[in-house]
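Report on one structure; see the data block that follows.
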Amino acid sequence: MRIVPYRSFGKLQFGDSTREDCVASYGEPKNIRTNREGAEEYHYEGFIVRFNAKTNVVRECTLLPRAICTIEGIAVTWDPDFLRKACEHDGDPKDVYGFIVLKRLGIAITGIHDWDESQLAVTAFSEGDFDDLLAEASPFVY
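Heads up: the sequence shown begins at 12 in the working numbering, then just goes up one per residue.
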């Protein structure tokens, strides 16, 4: 899977692709859930697709350790080397409640920086997500 910041992940487009597009691209999800924000989530083996609760189009994708992915030519390798490369490429990493948010890349990383394998995830998000939280976020120094 390839992430294009704020545009797409794999075959799906942020703000445009529907549930039907998701199923056509990746098959039936293993599980469908509604999160506390009222957004539907399609759970697959290596990733979770979330839809906007109001518009029902793709809002974000959370990659899990089984996912094979690249972003801006950087392979997601689920280790500190990936985190370092991503932070350097982004240039302005922020710590937002335990997530390392890389706004230029449009991703949030967790589990790598604090060695918590149970939390390993990389979330590709839509433009505007995290903006309000980034205003008060602390810089992340790797």
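The beta carbon of each residue, even a glycine, is placed where N, CA and C say it ideally should be.
Note that this is a predicted model, so its numbers are computed, not measured.
task: Following the continuous beta strand (DSSP E) through K96, name the residue where it begins and the one where it ends.
output: Here K96 belongs to no beta strand (DSSP E); instead the alpha helix (DSSP H) covers 91-101.
query: Unbroken beta strand (DSSP E) runs of length 3 or more, entirely within the region 53-136: which are they?
result: You should have 58-62, 69-74, 105-107, 110-113, 118-121, 132-136.
field: DSSP state of S19 mapped onto helix, strand, coil
entry: Assignment of S19 by DSSP, reduced to helix, strand and coil, places it in the strand class.
message: Taking 8 Å as the cut-off, is the C-beta of R70 nearer than that to any heavy atom in the ligand SAM?
response: Inclusion of the ligand SAM in the displayed structure is not the case, the ligand content being empty and no account of it being possible.
query: How should V146 be labelled, buried or exposed, when 16 other C-beta atoms within 10 angstroms of its C-beta is the threshold for buried?
result: As written in the sequence, residue 146 is Ala, which differs from the Val given in the question. Counting Cβ neighbours within 10 Å, A146 comes out exposed, since fewer than 16 surround it.
message: Tell me the rounded alpha-carbon separation between A64 and D103.
response: Their backbone Cα atoms lie some 30 Å apart in a straight line.
- request: Note down, in chain order, each residue of its chain lying with its Cβ closer than 8 Å to the Cβ of R115, except the 5 sequence neighbours on either side.
  value: Closer than 8 Å at the Cβ level, and outside the excluded window around R115, lie P16, H100, D101, G102, D103.
field: First and last residue of the uninterrupted alpha helix (DSSP H) at R44
entry: Following the DSSP letters along the chain, one finds R44 in no alpha helix (DSSP H) but inside the beta strand (DSSP E) bounded by residues 42-45.
task: Can you tell me which of the three DSSP states S28 falls into?
output: Three-state DSSP puts S28 in coil, outside helix and strand.
message: Taking the beta carbon of Y53 as the centre, do at least 16 other beta carbons fall within 10 Å, making it buried, or is it exposed?
response: Label assigned to Y53: buried.
- prompt: In terms of residues, what are the limits of the alpha helix (DSSP H) holding D143?
  reply: 142-145 is the extent of the alpha helix (DSSP H) around D143.
- prompt: With 16 other CB atoms within 10 Å as the buried threshold, where does V34 fall?
  reply: By the 10 Å Cβ count, V34 comes out exposed.
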